[in-house]
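Quick note on this note's numbering: the sequence shown kicks off at 2 and runs consecutively.
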Amino acid sequence: MCAKRCTDLDSFMQGVADRNPGEPEFHQAVREVAADVIPWMQDRPRYQEAQILERMAEPDRVVSFRVCWADDAGNIRANRGFRVQNNNAIGPYKGGLRFHPSVNQSILKFLAFEQTFKNSLTGLPMGGGKGGANFNPKGKSDGEVMRFCQSFMTELFRHVGDDTDVPAGDIGVGAREIGYMFGQYKRITNQFTGVLTGKGLEYGGSVMRPEATGYGAVYFLENMLHTRDQAIEGKSVAISGSGNVATFAAEKVLHRGGKVLTLSDSGGFVHDPDGIDEEKLAWIKELKGVRRGRISEYAERFPSASFHDKARPWSVPCDLALPCATQNEISAEDAKSLLANGCVAVSEGANMPTEIAGVDVFLEAKILFGPSKAANAGGVAMSGLEMSQNSARRALQPDELRRLLREIMDGIHARCHEAGRQDDGFCNYVRGANIAGFKKVADAMLAFGVV
Ligand code: NDP
2 MCAKRCTDLD SFMQGVADRN PGEPEFHQAV REVAADVIPW MQDRPRYQEA
52 QILERMAEPD RVVSFRVCWA DDAGNIRANR GFRVQNNNAI GPYKGGLRFH
102 PSVNQSILKF LAFEQTFKNS LTGLPMGGGK GGANFNPKGK SDGEVMRFCQ
152 SFMTELFRHV GDDTDVPAGD IGVGAREIGY MFGQYKRITN QFTGVLTGKG
202 LEYGGSVMRP EATGYGAVYF LENMLHTRDQ AIEGKSVAIS GSGNVATFAA
252 EKVLHRGGKV LTLSDSGGFV HDPDGIDEEK LAWIKELKGV RRGRISEYAE
302 RFPSASFHDK ARPWSVPCDL ALPCATQNEI SAEDAKSLLA NGCVAVSEGA
352 NMPTEIAGVD VFLEAKILFG PSKAANAGGV AMSGLEMSQN SARRALQPDE
402 LRRLLREIMD GIHARCHEAG RQDDGFCNYV RGANIAGFKK VADAMLAFGV
452 V
């Protein structure tokens with residue numbers, strides 16, 4: 002049986018690799034899902050006969066376009082923009098925009114594929130998409146970022162819309178960039194619609210959207226711990242990243258009485274054995290969000306901390322880990338190091354931060370491991386609620402949104418737990434998320450026939 006399953010997976014993946022050459026991140030994301038879904042489909046032939054997984058792994062469309070803009074010195078610059086619309090079986094395409102020099106088609110196809118399952122898990126009517134550009138906002142003036150965003154939207158507007166495709170932020174795209182893009186969309190189309198989420202509160206944004214991904218990843222962590230009668234209180238936590246997801250994850254860990262030991266950026270990580278408390282965290286939010294500085298400055302400001310150049314925080318002994326920076330930031334070696342140092346649970350705030358070999362290490366050790374498509378779905382869930390508020394032209398109260406976020410994360414955990422629970426009591430949340438996320442989209446696709 003195992004040999005047959007492996008063969009099926011290998012031949013399926015060979016087809017994916019042949020059709021998508023030079024796209025390793027996309028192959029990785031598809032393999033991770035296919036490894037669980039293919040065996041599950043063995044006695045559910047209707048999904049196989051309709052080629053559902055093959056169709057899900059072929060984006061509905063990939064749009065790529067030139068983005069020209071002028072820098073402050075008057076030089077003409079050209080970047081490449083993308084929108085990957087992966088699947089809209091259960092709702093309009095939905096997923097963030099990433100501005101980072103590493104952006105390419107492989108990374109955006111992996112993110113759009115993952116997003117399809119994640120959005121399905123939220124229980125809200127959202128399909129999966131992702132986009133962005135190989136533009137680096139670091140070191141650019143506000144004027145340069147504005148001109149880039151306007152040029153980007155001058156092409157993107159043809160492909161998005163409140164019932165078609167609703168992008169949001171991601172790495173390098175925060176409130177400033179969303180504001181510039183929304184302004185340009187409105188100018189071109191003469192329409193005020195909820196075409197983007199993550200908007201400012203003054204023009205249709207939702208309270209709780211900035212907090213939602215980081216808070217949600219901690220709620221998921223908490224739910225996993227509760228299945229073993231444990232809690233965050235009193236536990237030490239290693240967190241990577243120092244952007245939107247990482248800082249709000251750290252904030253919620255502090256609310257729950259945990260101790261945050263590390264944060265990082267692409268330059269390295271800081272380790273503060275005294276703990277990064279609320280005051281220090283506020284300083285970091287200002288450093289990264291307003292002054293756009295480097296995390297290394299933290300160690301200069303707080304002498305209890307050390308800075309580790311070009312390193313990741315996974316060698317620091319901790320009870321819990323929250324990778325919240327970027328993809329493939331936990332290797333198998335990092336995973337072993339976390340286990341050896343006593344880590345009992347990992348909740349992925351970033352998208353696909355653990356390499357497949359690292360995931361295997363965690364699953365073999367049977368620690369609590371919350372995969373990104375479940376653990377970080379709080380952000381898109383809140384975006385979904387921003388869409389409904391925009392459509393209803395009515396803003397919900399903060400308490401109501403807080404309650405809904407908690408309820409949605411609890412629901413995601415319950416769905417993953419039900420589909421991932423094994424006979425020996427261990428819950429494989431990776432399998433649970435893959436199967437629960439797949440089934441809803443697959444059933445909708447079956448209903449549509451061959452389209
Ligand atoms: P931000 O741009 O706010 O922050 C990203 C952080 O990660 C920064 O600290 C950045 O460091 C660091 N980082 C980026 N690239 C690398 C790299 N190659 N190596 C090491 N560190 C890196 O992004 P977000 O916090 O929004 O996103 C973080 C992750 O969470 C991403 O994987 C994103 O896809 C995912 N995510 C985000 C959601 C959201 O709501 N924002 C929703 C769901 C998932 P530096 O400052 O040096 O660039």
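Ideal Cβ positions, reconstructed from N, Cα and C, are used throughout, including at glycine.
These numbers come from a predicted model, not from an experiment.
- The Cβ atoms of Ala-378 and Leu-222 lie no closer than 8 Å to each other.
- Assignment of Cys-150 by DSSP, reduced to helix, strand and coil, places it in the helix class.
- Within the chosen limit of 7 Å, the ligand NDP does not reach the beta carbon of Asp-273 with any heavy atom.
- When the Cα atoms are used, Ile-233 and Arg-313 turn out to be separated by approximately 22 Å.
- Using a cutoff of 7 Å, the CB of Thr-214 counts as near the ligand NDP, since one of the ligand's heavy atoms is closer than that.
- In the DSSP assignment, the residues bridged to Trp-70 are Arg-78.
- Annotation for Gly-294: Leu-288 place their beta carbon closer than 8 Å to its own, counting only its chain and skipping 5 residues before and after.
- In the three-state reduction of the DSSP assignment, Arg-45 falls in the coil class, being assigned neither a helical nor a strand state.
- For Gly-92, the CB contacts under 6 Å within the same chain, skipping 5 residues up- and downstream, are Pro-126, Met-127 and Gly-128 in chain order.
- When only Cα atoms are considered, Gly-205 and Asn-391 end up about 6 Å apart.
- Proximity of the beta carbon of Lys-289 to the ligand NDP is indicated: a heavy atom of the ligand is located closer than 7 Å.
- Membership of His-272 in the beta strand (DSSP E) is indicated by the continuous run 269-272.
- Within the model, the alpha-carbon separation for Val-452 versus Lys-187 is close to 32 Å.
- At a Cβ-Cβ threshold of 8 Å, Ala-239 and Ala-322 count as neighbours.
- With distances taken between CA atoms, Ile-77 lies nearest to Phe-149 out of Gln-49, Phe-149 and Gly-359.
- Distance from the CA atom of Phe-158 to the CA atom of Ala-113, rounded to whole angstroms, is 18 Å.
- Between Ala-375 and Gly-359, the gap from beta carbon to beta carbon reaches 8 Å or more.
- When DSSP assignments are scanned along the region 312-338, the uninterrupted stretches of beta strand (DSSP E) that are 3 or more residues long and fall wholly within it turn out to be 321-323.
- For Asp-266, the enclosing beta strand (DSSP E) has its first and last residue at 260-266.
- Cβ-Cβ separation between Thr-165 and Val-442: approximately 18 Å, too far for a contact (criterion under 8 Å).
- With a cutoff of 7 Å, Val-104 does not count as near the ligand NDP, since its C-beta is closer than that to no heavy atom of the ligand.
- A straight line joining the alpha-carbon of Ile-39 with that of Leu-340 spans about 29 Å.
- Of Asp-310, Gln-86 and Gly-269, the smallest CA-CA separation from Gly-162 is found for Gln-86.
- Note: Val-174 is bridge-paired with Asp-171 in the DSSP secondary-structure output.
- For Ser-207, there is no enclosing alpha helix (DSSP H), as DSSP marks it with neither H nor E.
- The ligand NDP has a heavy atom closer than 7 Å to the beta-carbon of Ile-172.
- Under DSSP, Ser-65 takes part in a beta bridge, and its partners are Phe-83.
- In this structure, Met-42 lies away from Gln-52, with their beta-carbon atoms at least 8 Å apart.
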